[in-house]
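Asker: Chains as they are written, first to last, in the numbering used here: chain A, 1 to 328; chain B, 329 to 656.
The beta carbon of each residue, even a glycine, is placed where N, CA and C say it ideally should be.
Number of protein chains: 2
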Amino acid sequence: MKKATLAAISALALVTPALSQNEPEKALSPADIVNAAPQDDWSVIAPEDLMVMTLAPDAQDEKRQVVIQLMPAPFSQGWVDNIRTLARAQWYDGTSVNRVQDNYVVQWGDPNYDNPESGGKAKPLPDGLQVMSEGAYTATIPGWGMRRAARSVAAPATVLSDSYAQAAEFFKGWPIAIDSAPERAWPVHCYGMVGVGRNYSPDTGSGAELYTVIGHAPRHLDRNIALAGRIISGMQHLSSLPRGTGALGFYAAEEADKRTPILSIRVASDLPEAERPQFEYLSTESESFARYADARANRRDPFFIAPAGGADVCNVPVPVRPFEYADE
Amino acid sequence: MKKATLAAISALALVTPALSQNEPEKALSPADIVNAAPQDDWSVIAPEDLMVMTLAPDAQDEKRQVVIQLMPAPFSQGWVDNIRTLARAQWYDGTSVNRVQDNYVVQWGDPNYDNPESGGKAKPLPDGLQVMSEGAYTATIPGWGMRRAARSVAAPATVLSDSYAQAAEFFKGWPIAIDSAPERAWPVHCYGMVGVGRNYSPDTGSGAELYTVIGHAPRHLDRNIALAGRIISGMQHLSSLPRGTGALGFYAAEEADKRTPILSIRVASDLPEAERPQFEYLSTESESFARYADARANRRDPFFIAPAGGADVCNVPVPVRPFEYADE
Chain A
1 MKKATLAAIS
11 ALALVTPALS
21 QNEPEKALSP
31 ADIVNAAPQD
41 DWSVIAPEDL
51 MVMTLAPDAQ
61 DEKRQVVIQL
71 MPAPFSQGWV
81 DNIRTLARAQ
91 WYDGTSVNRV
101 QDNYVVQWGD
111 PNYDNPESGG
121 KAKPLPDGLQ
131 VMSEGAYTAT
141 IPGWGMRRAA
151 RSVAAPATVL
161 SDSYAQAAEF
171 FKGWPIAIDS
181 APERAWPVHC
191 YGMVGVGRNY
201 SPDTGSGAEL
211 YTVIGHAPRH
221 LDRNIALAGR
231 IISGMQHLSS
241 LPRGTGALGF
251 YAAEEADKRT
261 PILSIRVASD
271 LPEAERPQFE
281 YLSTESESFA
291 RYADARANRR
301 DPFFIAPAGG
311 ADVCNVPVPV
321 RPFEYADE
Chain B
329 MKKATLAAIS
339 ALALVTPALS
349 QNEPEKALSP
359 ADIVNAAPQD
369 DWSVIAPEDL
379 MVMTLAPDAQ
389 DEKRQVVIQL
399 MPAPFSQGWV
409 DNIRTLARAQ
419 WYDGTSVNRV
429 QDNYVVQWGD
439 PNYDNPESGG
449 KAKPLPDGLQ
459 VMSEGAYTAT
469 IPGWGMRRAA
479 RSVAAPATVL
489 SDSYAQAAEF
499 FKGWPIAIDS
509 APERAWPVHC
519 YGMVGVGRNY
529 SPDTGSGAEL
539 YTVIGHAPRH
549 LDRNIALAGR
559 IISGMQHLSS
569 LPRGTGALGF
579 YAAEEADKRT
589 PILSIRVASD
599 LPEAERPQFE
609 YLSTESESFA
619 RYADARANRR
629 DPFFIAPAGG
639 ADVCNVPVPV
649 RPFEYADE
């Protein structure tokens, strides 16, 4: 039987006190709503879609593990496949975190890739990687138009105005942006999203070089770089790394010792069962999520005075939590 | 004579190569536009509006200095006055950074203030602090309505659609949100903004407890907490601190040694002239800024394939840079 053991949700309220049963329902905080969601509203993430990145221990010899969730179809699947291929070839092992630019990105991979601070030779890539095109930066979702129209009546809080698209929405647990003419959708550069580093066009990157967002969403990168996943655990091991002083936040030659070694990146389904992390997300098609999104846009819990009346899609982070299967 | 010595602007392009003179003008990156702005488009920040926060040296014994710019009238001036009063009473000296919550805030002040991890007694505040009301979370700008109408014709790129207000704009170098009925404006919680910690309403905070945003803009805090300034230098000394493992990201009792000591916070105008940092910002009323904002919303420089056609106000950071007066 599946049992949630930890309800810590990232990026929630400044203050989220426990409410007495006498409080009116309108005072529920987003965290309260998430914590009260029935187990049926949570969806398990397949182990094939989880990557476990193990960094070298920190200065206090503490372990550092980062878990990445790969993006679901129809988005970015060529890059997602490449990332699994690279992990299974153990290509990432021995690479490092090479770039930390404040309010922008942390980037890892071969320290000699696209690095103005390094004159070394790039590490050869394994066979079997797909070459992707810019067309794959967006996708169409069969049946999505009708579905969206239906949902916008039932759950308007999950359809958001957006500065970078006609609207923003959620799909299978992910924030996406949508245009209607032509109808297409694309994943968005929110905090913690994982993207595929690339050089100049028409190179779209293989997946060997990855980055995650550690600041305000750089949404101008949407449809210009592929997004292939997001960090769902251990983000602090990347976001709190010392910033690089070289160009673009790369560690300069004289601070190469600040590069954090990557011991390994593995597909969770390839790990022994006891070592697999297990996560679930709050279904973005659920009524609980609609109530959560509404509460994010209209904070009525005790700390708040002026509900905003709206929300940016990156300010409605999809709740994700670890769980354990209880022994029978 | 004033001379810009450093053109490093935070949070700009992923790749911003030098362009040859043969490139068409449309290929200028935001950084190119800022670097080409005439000196007349830069406005000096008064030393009275700069605060110098000196943290204890880091583990490598490197100095850590953070510079805060205080917010201009008509916004938050009661809290701004309080912060100067607290600094001049040397109240902040010996306090510490007590809370680091990933993708949210870093908070500093008395470790016993509003800290579920501490049972100690709060440090007494100096005399002369103003008690502010919630009404001061917003302000009206005399003449702003007409001015805005005029500017929206001349420089549409500086008037932005917004998920949290009727529109977002820039005023004296700061991003603000605006409503028209009733006409009012307020500062916005972008990355690096400095706010005034508070307890539950109707307490609006004194300015003794401060925080800065280290993640995606938590715009739902707008009009719910006062913003009094922003970090313009040394942000990395706060954003890269280890995250707290206690409730709300406070350092838990057993990790109290992670609190970063604050040696002093001083108003720059109180420092000897040789120790005063000097900064200038790109006037948000200038033509250069309008071109910069347009380029942020429509990236046409070589790395980009699909210009976004819009921008979030927090994704158009106002360029700020240090300068030195050259010896005559």
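1. Is it the case that the Cβ atoms of H544/B and Y92/A are separated by a distance below 9 angstroms?
2. Counting only the same chain and skipping the five closest in sequence on each side, list residues whose C-beta sits under 6 angstroms from that of P400/B.
3. Quick check on this structure: which residue in A256/A, V313/A, R198/A and I231/A has the alpha carbon closest to the alpha carbon of F631/B?
4. For a contact defined as C-beta to C-beta under 9 angstroms, what are the partners of A462/B on chain A?
5. Thinking just about the alpha-carbon of each residue, which of M521/B, V487/B and V395/B is nearest to the one in I506/B?
6. CB-CB under 6 angstroms to Q65/A, same chain, minus the five flanking residues each way: which ones, in chain order?
7. Checking the sheet assignment: what are the DSSP bridge partners for L589/B?
8. Once DSSP output is grouped into helix, strand and coil, what is the label at R604/B?
9. Could you confirm whether any beta carbon from chain B is found closer than 9 angstroms to the beta carbon of G229/A?
10. Considering only residues of the same chain and omitting the five flanking positions on each side of G637/B, which have a CB-CB separation below 8 angstroms?
11. Given P121/A, which residues of its chain have a CB within under 8 angstroms of its CB, disregarding the five upstream and five downstream residues?
12. Hey, E376/B and I305/A are a contact pair by Cβ (cut 8 angstroms); roughly how many whole angstroms apart?
13. Going by DSSP in three states, D377/B sits in which element: helix, strand or coil?
14. Excluding the 5 residues flanking L414/B on each side, which residues of the same chain have their C-beta closer than 7 angstroms to its C-beta?
15. L160/A versus chain C: which residues are under 9 angstroms apart at the beta carbon?
16. So, with DSSP's three-state summary, where would you put Y609/B?
17. Find the nearest neighbour of P187/A within the set A274/A, Y251/A and L221/A, judged by alpha-carbon distance.
18. Taking contact to mean at least 3 C-beta pairs separated by less than 8 angstroms, is the region 239-250 of chain A in contact with the region 280-293 of chain A?
19. Given that L569/B touches chain A, what residues does it touch there, using C-beta distances under 8 angstroms?
20. Along the chain, where does the alpha helix (DSSP H) that runs through T413/B open and close?
21. Against chain B, does D222/A count as a neighbour if the rule is that its beta carbon must be under 9 angstroms from one of theirs?
22. Mark T212/A as exposed unless 16 or more other C-beta atoms lie within 10 angstroms of its C-beta, in which case mark it buried.
23. Should E328/A go down as buried or exposed, given a rule of 16 or more other Cβ atoms within 10 Å for buried?
24. P546/B CB to nearest chain A CB: under 9 angstroms?
25. Can you tell which of V425/B, W407/B and G437/B has the C-alpha that lies nearest to the C-alpha of L457/B?
26. Along the chain, where does the beta strand (DSSP E) that runs through Y113/A open and close?
27. In chain B, what lies closer than 8 angstroms to R299/A by C-beta?
28. Closest by CA to S597/B, which one among E582/B, P402/B, F498/B and R412/B?
29. Give the DSSP-derived three-state secondary structure of I361/B in the structure shown.
30. So, under 8 angstroms CB-CB, V318/A and W174/A are touching, yes? Tell me the CB distance rounded to an integer number of Å.
31. Given F403/B, which residues of its chain have a CB within under 6 angstroms of its CB, disregarding the five upstream and five downstream residues?
32. Taking beta-carbon pairs under 8 angstroms, can you tell me which members of the region 598-622 of chain B lie near chain A?
33. For Y465/B, does the three-state DSSP call read helix, strand or coil?
34. In the region 490-571 of chain B, which residue ranges form an unbroken beta strand (DSSP E) of at least 3 residues, counting only runs that do not cross its ends?
35. Would you say G533/B and I559/B are within 9 angstroms of each other, going by their C-beta atoms?
36. What is the DSSP secondary structure of G109/A, counted as helix, strand or coil?
Answerer: With the given structure in hand:
1. Here residue 544/B refers to the residue found at position 216 when the second sequence is read from its first residue. Here residue 92/A refers to the residue found at position 92 when the first sequence is read from its first residue. Their beta carbons are not under 9 angstroms apart, which means H544/B does not touch Y92/A by this criterion.
2. Position 72 of the second sequence, counted from the start, is the residue given in the question as residue 400/B. These residues qualify, in order along the chain: K500.
3. Here residue 631/B is taken as the residue at index 303 of the second sequence, counted from 1. Measuring from the Cα of F631/B, the nearest candidate turns out to be R198/A.
4. As a first step, residue 462/B must be located in the second sequence, where it is residue number 134. Note that residue 462/B is Glu in the sequence shown here, rather than Ala. Going along chain A in sequence order, the residues near E462/B (Cβ under 9 angstroms) are I305 and A306.
5. Here residue 506/B refers to the residue found at position 178 when the second sequence is read from its first residue. Answer by Cα proximity: V487/B.
6. Here residue 65/A refers to the residue found at position 65 of the first sequence. Excluding positions up to five away in sequence, the list reads T54 and G234.
7. As a working mapping, residue 589/B is identified with position 261 in the second sequence. Leu is not the amino acid found at residue 589/B; the sequence shown has Pro there. Looking at the DSSP output, P589/B shares a beta bridge with S424/B.
8. The count along the second sequence starts at 1 and reaches residue 604/B at position 276. Three-state result, R604/B: coil.
9. As a first step, residue 229/A must be located in the first sequence, where it is residue number 229. Answer no: the Cβ-Cβ gap between G229/A and chain B never drops below 9 angstroms.
10. The sequence position of residue 637/B within the second sequence is 309, counting from 1. Non-local C-beta neighbours of G637/B in its own chain, meaning closer than 8 angstroms and more than five positions away in sequence, comprise A625 and N626, ordered along the chain.
11. For the purposes of this step, residue 121/A is taken as the residue at position 121 of the first sequence. The residue asked about is misnamed: residue 121/A is Lys in this sequence, not Pro. Here the set comprises N112.
12. Counted from its first residue, the second sequence places residue 376/B at position 48. Counted from its first residue, the first sequence places residue 305/A at position 305. So it is not a contact: roughly 30 angstroms between Cβ atoms.
13. As a working note, residue 377/B is residue 49 in the second sequence. In the structure shown, D377/B sits in a helix (DSSP, three-state: H, G or I).
14. Here residue 414/B refers to the residue found at position 86 of the second sequence. If we look at L414/B and ignore the five residues flanking it on each side, its Cβ neighbours are Y420, P454, G535 and A536.
15. No chain C is present in this structure, whose protein chains are A and B.
16. On the second sequence, position 281 is the one that residue 609/B refers to. Note: Y609/B maps to strand in three-state DSSP.
17. To locate residue 187/A, count along the first sequence from 1; it is residue 187. When each option's Cα is compared against that of P187/A, the closest is L221/A.
18. The region 239-250 of chain A vs the region 280-293 of chain A: no contact.
19. As a working note, residue 569/B is residue 241 in the second sequence. Under the 8 angstroms cutoff, chain A gives S240.
20. Residue numbering aside, residue 413/B sits at position 85 when the second sequence is read from its first letter. First-last of the alpha helix (DSSP H) with T413/B: Q405 to R416.
21. The residue given as residue 222/A occupies position 222 in the first sequence. The C-beta of D222/A comes closer than 9 angstroms to at least one C-beta of chain B.
22. The residue given as residue 212/A occupies position 212 in the first sequence. With 16 or more other Cβ atoms within 10 Å, it is buried.
23. Residue numbering aside, residue 328/A sits at position 328 when the first sequence is read from its first letter. Because the pLDDT at E328/A is just 45, under 50, the model does not fix this residue reliably, and the value given afterwards should be weighed accordingly. Exposed: under 16 other Cβ atoms inside 10 Å.
24. As a position in the second sequence, residue 546/B is number 218, starting the count at 1. At a cut-off of 9 angstroms between C-beta atoms, P546/B counts as an interface residue with respect to chain A.
25. If you number the second sequence from 1, residue 457/B lands on position 129. When each option's Cα is compared against that of L457/B, the closest is W407/B.
26. By one-based count along the first sequence, residue 113/A stands at place 113. Where Y113/A is concerned, there is no enclosing beta strand (DSSP E), because DSSP gives it neither an H nor an E.
27. The count along the first sequence starts at 1 and reaches residue 299/A at position 299. For R299/A, the residues of chain B that pass the 8 angstroms Cβ criterion are H548 and N552, in the order they occur in the chain.
28. Here the question's residue 597/B lines up with position 269 in the second sequence. It is R412/B.
29. Residue 361/B sits at position 33 when you count from the first residue of the second sequence. In the structure shown, I361/B sits in a helix (DSSP, three-state: H, G or I).
30. Along the first sequence, read from residue 1 onward, the residue named residue 318/A stands at position 318. Along the first sequence, read from residue 1 onward, the residue named residue 174/A stands at position 174. Right, their Cβ atoms sit about 7 angstroms apart.
31. Working through the second sequence from its first residue, we reach residue 403/B at position 75. Answer for F403/B: A467 and P515, listed in chain order.
32. Within the region 598-622 of chain B, no residue places its CB atom closer than 8 angstroms to a CB of chain A.
33. The residue labelled residue 465/B in the question sits at position 137 within the second sequence. In the structure shown, Y465/B falls within a helical segment according to DSSP collapsed to helix, strand and coil.
34. Fully enclosed beta strand (DSSP E) runs of 3 or longer: 495-499, 502-508, 511-515, 521-524, 538-541 and 555-561.
35. Numbered from its first residue, the second sequence carries residue 533/B at position 205. Numbered from its first residue, the second sequence carries residue 559/B at position 231. No. Outside cutoff.
36. As a first step, residue 109/A is located in the first sequence; it is residue number 109 there, counting from the start. Three-state result, G109/A: strand.
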